[in-house]
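Here the structure comes first, spelled out in structure tokens, and everything after it is commentary.
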Ligand code: HSE
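Have a look at this one:
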């Protein structure tokens with residue numbers, strides 16, 4: 000029976016979310032899916048790193064990180080390997096890339112992905128940078144080396160928005176995709192409508208693990224921009240760059256705007272959309288829209304996201320579910336890992 004040896008690059012909210020699921024469901028994953036694993040390495044810029052070729056005690060690491068925040072406090076293993084050394088020199092055969100997202104440069108995550116591919120290691124990620132900026136190049140490299148690059152959690156966290164569009168809706172002819180794709184801003188708008196001020200709502204979204212390391216990316220719309228570029232390029236086969244997408248976040252929406260909308264029977268939502276134009280090109284945008292309360296997206300609140308595919312054969316198909324959060328995004332990585340396991344062990 001094959002053994003998946005996992006290395007984590009980054010061990011923040013999302014990485015720990017996956018680790019908790021792996022600990023909790025280890026037996027079920029083995030019995031039900033034939034998926035057996037060891038976590039052999041973790042490397043995090045802030046928390047330190049540890050490598051043990053025979054496997055780490057994952058619950059012990061989670062406890063240590065909770066208590067001291069320092070992976071180096073783990074009593075065994077080799078310490079001090081940086082992300083590149085962890086990717087290239089450990090015996091891991093699957094890399095979990097959960098370092099921070101930089102939507103402008105994609106780094107250091109793009110380099111992590113390339114190194115993993117060059118070492119013939121599969122890679123799963125929730126990091127939007129590499130996929131928004133370099134998906135074609137990375138998938139071509141991976142195909143060349145016979146490894147898989149998976150990124151379900153880059154859009155709508157564990158809610159399977161990409162798999163739906165890419166696999167389940169294959170051949171359906173998608174002409175448009177639009178919806179609420181950022182959990183932090185949707186949470187803030189929901190809380191502000193209940194009367195909370197912007198700063199407190201953002202602070203809560205950070206404490207609940209919804210926001211990016213730099214929440215500017217959420218509130219200025221860059222996170223949603225990255226996600227709509229991913230959807231356009233991966234699901235609609237477009238070739239958009241982030242600079243071609245007009246982008247406006249929620250920072251200009253005042254409590255007065257929210258109150259006025261409420262009195263009109265409307266609600267503000269940050270909407271990302273991509274649509275095929277008559278000349279075949281794809282145009283995308285991120286902007287706040289005032290929706291009537293009876294609009295289906297108006298009822299999508301808090302960190303919940305929703306995405307509607309407009310298609311030729313099925314009309315509109317909508318998926319609704321968590322868009323951010325520790326377990327929801329950790330789970331996205333698990334679906335990718337299980338999918339790789341299924342693919343490589345299928346007779
Ligand atoms: N910061 C992101 C959000 C996390 O709030 O949606 C999930 O991509």
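Residue numbers (this note's numbering): 0 to 346. Quick reminder that beta carbons are idealized off the backbone N, C-alpha and C, glycines included. This one's a predicted model, so the numbers in the text were calculated from it and none came from an experiment.
Residue i versus the options, residue with shortest Cα-Cα distance
{"i": "residue 209", "options": "177, 329, 121, 129", "result": "329"}
{"i": "residue 244", "options": "3, 160, 274", "result": "274"}
{"i": "residue 1", "options": "282, 93, 265", "result": "93"}
{"i": "residue 337", "options": "157, 297, 184, 205", "result": "157"}
{"i": "residue 320", "options": "117, 43, 160, 90", "result": "160"}
{"i": "residue 48", "options": "63, 248, 141", "result": "63"}
{"i": "residue 7", "options": "34, 23, 55, 31", "result": "55"}
{"i": "residue 58", "options": "22, 345, 39", "result": "22"}
{"i": "residue 315", "options": "201, 306, 39", "result": "306"}
{"i": "residue 170", "options": "34, 322, 236, 111", "result": "236"}
{"i": "residue 347", "options": "53, 120, 24", "result": "Examination of residue 347 is not possible in this model, given that the chain is present from 0 through 346 alone."}
{"i": "residue 86", "options": "250, 108, 53, 272", "result": "108"}
{"i": "residue 311", "options": "260, 176, 304", "result": "176"}
{"i": "residue 197", "options": "207, 327, 218", "result": "218"}
{"i": "residue 325", "options": "276, 211, 220", "result": "211"}
{"i": "residue 279", "options": "343, 202, 242, 174", "result": "174"}
{"i": "residue 40", "options": "183, 34, 95", "result": "95"}
{"i": "residue 183", "options": "192, 172, 194, 202", "result": "202"}
Endpoints, the beta strand (DSSP E) within which residue i is located
{"i": "residue 121", "result": "121-124"}
{"i": "residue 307", "result": "303-310"}
{"i": "residue 129", "result": "Careful: residue 129 lies outside any beta strand (DSSP E), inside the alpha helix (DSSP H) at 127-144."}
{"i": "residue 314", "result": "314-321"}
{"i": "residue 49", "result": "47-50"}
{"i": "residue 177", "result": "173-179"}
Alpha-carbon spacing of residue i relative to residue j, whole angstroms
{"i": "residue 234", "j": "residue 74", "result": "45 Å"}
{"i": "residue 358", "j": "residue 45", "result": "Coverage of the chain is limited to positions 0 through 346, which leaves residue 358 absent and any answer about it impossible."}
{"i": "residue 331", "j": "residue 152", "result": "5 Å"}
{"i": "residue 14", "j": "residue 295", "result": "33 Å"}
{"i": "residue 348", "j": "residue 26", "result": "With the chain represented from 0 up to 346, any question about residue 348 goes unanswered, as that position is not in the structure."}
{"i": "residue 255", "j": "residue 214", "result": "23 Å"}
{"i": "residue 50", "j": "residue 83", "result": "13 Å"}
{"i": "residue 155", "j": "residue 66", "result": "30 Å"}
{"i": "residue 246", "j": "residue 283", "result": "9 Å"}
{"i": "residue 78", "j": "residue 68", "result": "15 Å"}
{"i": "residue 200", "j": "residue 167", "result": "36 Å"}
{"i": "residue 309", "j": "residue 135", "result": "24 Å"}
{"i": "residue 19", "j": "residue 36", "result": "14 Å"}
{"i": "residue 230", "j": "residue 149", "result": "14 Å"}
{"i": "residue 351", "j": "residue 206", "result": "No answer is possible for residue 351: it lies beyond the span of the chain, which begins at 0 and ends at 346."}
{"i": "residue 91", "j": "residue 81", "result": "14 Å"}
{"i": "residue 97", "j": "residue 285", "result": "25 Å"}
{"i": "residue 238", "j": "residue 281", "result": "8 Å"}
{"i": "residue 188", "j": "residue 267", "result": "7 Å"}
{"i": "residue 103", "j": "residue 110", "result": "14 Å"}
{"i": "residue 164", "j": "residue 317", "result": "10 Å"}
{"i": "residue 116", "j": "residue 143", "result": "9 Å"}
{"i": "residue 250", "j": "residue 32", "result": "45 Å"}
{"i": "residue 61", "j": "residue 270", "result": "36 Å"}
{"i": "residue 302", "j": "residue 122", "result": "27 Å"}
{"i": "residue 300", "j": "residue 248", "result": "17 Å"}
{"i": "residue 334", "j": "residue 137", "result": "20 Å"}
Counted within 10 angstroms of its Cβ, other Cβ atoms place residue i as buried (16 or more) or exposed
{"i": "residue 232", "result": "buried"}
{"i": "residue 147", "result": "buried"}
{"i": "residue 355", "result": "It is not possible to answer for residue 355, since the shown part of the chain is limited to 0 through 346."}
{"i": "residue 114", "result": "buried"}
{"i": "residue 29", "result": "exposed"}
{"i": "residue 128", "result": "buried"}
{"i": "residue 17", "result": "buried"}
{"i": "residue 9", "result": "buried"}
{"i": "residue 263", "result": "exposed"}
{"i": "residue 105", "result": "buried"}
{"i": "residue 298", "result": "exposed"}
{"i": "residue 125", "result": "buried"}
{"i": "residue 242", "result": "exposed"}
{"i": "residue 42", "result": "buried"}
{"i": "residue 178", "result": "buried"}
{"i": "residue 291", "result": "exposed"}
{"i": "residue 304", "result": "buried"}
Extent of the continuous alpha helix (DSSP H) run through residue i
{"i": "residue 93", "result": "Unbroken run through residue 93 is the beta strand (DSSP E), 93-96; no alpha helix (DSSP H)."}
{"i": "residue 73", "result": "First-last for residue 73: undefined, no H or E at that position."}
{"i": "residue 59", "result": "57-66"}
{"i": "residue 190", "result": "182-192"}
{"i": "residue 111", "result": "108-117"}
{"i": "residue 329", "result": "325-344"}
{"i": "residue 87", "result": "82-88"}
Chain C within 8 Å of residue i, Cβ atoms only
{"i": "residue 202", "result": "The chain inventory of the structure shown lacks chain C, comprising one protein chain alone."}
- Query: Which whole runs of the beta strand (DSSP E) in the stretch 3-35 are 3 residues long or more, in chain order?
  - Reply: Within the stretch 3-35, no complete beta strand (DSSP E) segment of 3 residues or longer occurs.
- Sequence ranges, beta strand (DSSP E) only - wholly within the stretch 204-281, length at least 3: For the stretch 204-281, the continuous beta strand (DSSP E) assignments of 3+ residues that do not extend past its boundaries occur at 265-275, in sequence order.
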